[in-house]
Structure formats: structure tokens, C-alpha cells
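Colleague: Sharing a structure here in C-alpha cells format.
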Amino acid sequence: DAGVTQSPTHLIKTRGQHVTLRCSPISGHKSVSWYQQVLGQGPQFIFQYYEKEERGRGNFPDRFSARQFPNYSSELNVNALLLGDSALYLCASSLAMDGKETQYFGPGTRLLVL
Amino acid sequence: GDSVTQMEGPVTLSEEAFLTINCTYTATGYPSLFWYVQYPGEGLQLLLKATKADDKGSNKGFEATYRKETTSFHLEKGSVQVSDSAVYFCALSVSQAGTALIFGKGTTLSVSS
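Protein chains in written order, with my numbering: chain R, 29 to 142; chain H, -15 to 97.
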């Protein structure tokens, strides 16, 4: 079975632009989470979706938004990009969301904002 | 709030040496604990996990025991290999509104032959 897939793998944008990142979960997984990993740091939680509803949100500004589609794939949108948004964006999927489940990560999208 | 603290790196070892990476946590509920590994240029892979106190997670020669009394989940391996060189992240998950993983800052391990 395919793992979590993300697209694109790399992206270069300029300040003020908008970006959309995409994620396809492992088949059968209904929960998708997004994380931001700045160079040299651990991943920071942005959003979690389960059954197409937002179930958790991290401490990120409203410029960040996301949604989950009926096939459980997900998009992360970032508006008005800042230099500080440059990071590796990771998507993770899981079967459930009971706190004990394993989250499986994709390879990430590396975003560079110039 | 909930948090994870890992020992600062980098950790540099010779092949076949013993590895310990310390991890302690603060959590208001009863967290599940995880170790993830990140190889250069890749995403995170689950290494092992433990979901309740005194559980021991193990995988590929790595072990960690969930110690509630010391709020710790230290990662150990008896004999490291060059292929173990990577960044290791300790994380916790508490089931509240959503089940976000909270990560430590990561510990870089470099193993030389």
C-alpha cells in the first residue's frame, strides 16, 4: 500500500503570495494532520481533520487554513506569505484520533519564501 | 501546557557504542509517548511507541520505557550502526480536542565507523 503522499515536493514563492499544499492519506485513514517544521526544530502542529471536520488547531495565524475532502485527502492553504513561513510542511494520517494511534508522515513539502 | 524536553545534540558515537537519548515530558492528562526518526531529506518515521505507564516500546534494537514516576521516555540502543545516523524526535499525544503530537526539538545522532 502507498504511504502518505504530498505534493509538490518543493516550492518557491515570494512574500505576499498564496500557496496550496496537498496531501493524500494512507488508504483507509480518516484523519489528516498538518505540521510545520522549521529548520533545526521539531514539527509544530497546525491542524487536524477527521471525517472532514476540523478537530484541532495549533497556534498559527488565520493566514493558515485547511480542509479535508470526501476522499479524505487534504489541502493546506497559506495566504500572504511571510519569510518566516519558509519550512518543511508535513502531513500525517491516522486511522482514528484516540490519542494512542500512530500518525504516519509523508515526505513533506519544502516551502521557500523569498 | 504539555511539552517535551530532549537532550541537546549532536550526539557523536563510534559504531557498536551504547546509545541513550534522554526525553522528559510534562502533560496534564495521560499521554501516549513516541519516538520518531528523520533521515536527511525525508519525513518522519515512527520508531516506537508506548501508550501507558511501564510499557516498553521496541523496534530495530531501540527500546524506551514509559516511566510515569519520572515523566521520562529515554531512548536506548545497545550497539549503534552507521545507518542509525539521523535526527531523533520524542513526542507525546494527549487526547483532548484533536490529538496533536507535541514534539521535542530533536537530537542529531552521528555514528562513525
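Note that the Cβ used here is the ideal one computed from N, Cα and C, for glycine as well.
Can you tell me which of the three DSSP states residue 41 of chain H falls into?
Modeller: Residue state, collapsed to three classes: strand.
Colleague: Say whether chain H places a C-beta atom closer than 9 Å to the C-beta of residue 73 of chain R.
Modeller: It does; some Cβ of chain H falls within 9 Å.
Colleague: Which residues does DSSP list as the beta-bridge partners of residue 138 of chain R?
Modeller: According to DSSP, residue 138 of chain R bridges with R/38, R/116.
Colleague: If you measure from the beta carbon of residue 4 of chain R to each beta carbon in chain H, is any gap under 9 Å?
Modeller: Residue 4 of chain R falls outside the range modelled here, since chain R spans only 29 to 142, and no answer is possible.
Colleague: Would residue 79 of chain R and residue 96 of chain R be called neighbours here (beta carbons separated by less than 9 Å)?
Modeller: Taking 9 Å as the Cβ cut-off, residue 79 of chain R and residue 96 of chain R qualify as a contacting pair.
Colleague: On the DSSP bridge assignment, give the partners of residue 14 of chain H in chain order.
Modeller: Residue 14 of chain H is not bridged to any residue.
Colleague: Do residue 76 of chain H and residue 17 of chain H come within 9 Å of each other at the CB atom, strictly closer than that value?
Modeller: Yes, the Cβ-Cβ distance between residue 17 of chain H and residue 76 of chain H is below 9 Å.
Colleague: Report back the beta-carbon spacing between residue 101 of chain R and residue 50 of chain R to the nearest angstrom; my notes put them in contact at under 8 Å.
Modeller: Confirmed, about 7 Å.
Colleague: Using DSSP bridges, identify the partner residues of residue 82 of chain R.
Modeller: R/77, per the DSSP bridge assignment.
Colleague: Going along the chain, which residues of the stretch 110 to 134 of chain R sit with their C-beta nearer than 9 Å to a C-beta in chain H?
Modeller: Cβ contacts with chain H: 116, 118, 119, 120, 122, 124, 125, 126, 127, 128, 129, 130, 131, 132, 133, 134.
Colleague: Considering Cα atoms alone, identify which of H/47, H/96, H/90 is closest to residue -8 of chain H.
Modeller: When each option's Cα is compared against that of residue -8 of chain H, the closest is H/90.
Colleague: Hey, how far is the Cα of residue 92 of chain H from the Cα of residue 22 of chain H?
Modeller: Near 9 Å, if we compare the C-alpha coordinates of residue 22 of chain H and residue 92 of chain H.
Colleague: With residue 43 of chain R and residue 141 of chain R assumed to form a contact (beta carbons below 8 Å), what rounded beta-carbon distance in angstroms separates them?
Modeller: Between residue 141 of chain R and residue 43 of chain R the Cβ distance is about 6 Å, and since that is below 8 Å, they are a contact.
Colleague: Report all residues from its chain with a CB closer than 8 Å to the CB of residue 85 of chain H; omit the five preceding and five following residues, and keep chain order.
Modeller: For residue 85 of chain H, where only same-chain residues beyond five positions count, the Cβ hits under 8 Å are 18, 75, 76, 77.
Colleague: Kindly indicate which residue of H/40, H/55, H/95 has the alpha-carbon position closest to the one of residue 71 of chain H.
Modeller: For the residues H/40, H/55, H/95, the minimum Cα distance to residue 71 of chain H belongs to H/95.
Colleague: Whose Cβ in chain C lies nearer than 9 Å to the Cβ of residue 87 of chain H?
Modeller: Given the protein chain composition of this structure (R and H), no chain C is represented.
Colleague: I need the straight-line Cα distance from residue 25 of chain H to residue 69 of chain R, nearest angstrom please.
Modeller: Approximately 14 Å between the Cα atoms of the pair.
Colleague: In or out: residue 13 of chain H buried (at least 16 other Cβ within 10 Å) or exposed?
Modeller: It is exposed - the Cβ of residue 13 of chain H has fewer than 16 other Cβ atoms within 10 Å.
Colleague: Taking 9 Å as the CB-CB limit, is residue 52 of chain H close to chain R?
Modeller: Chain R contact via Cβ: absent.
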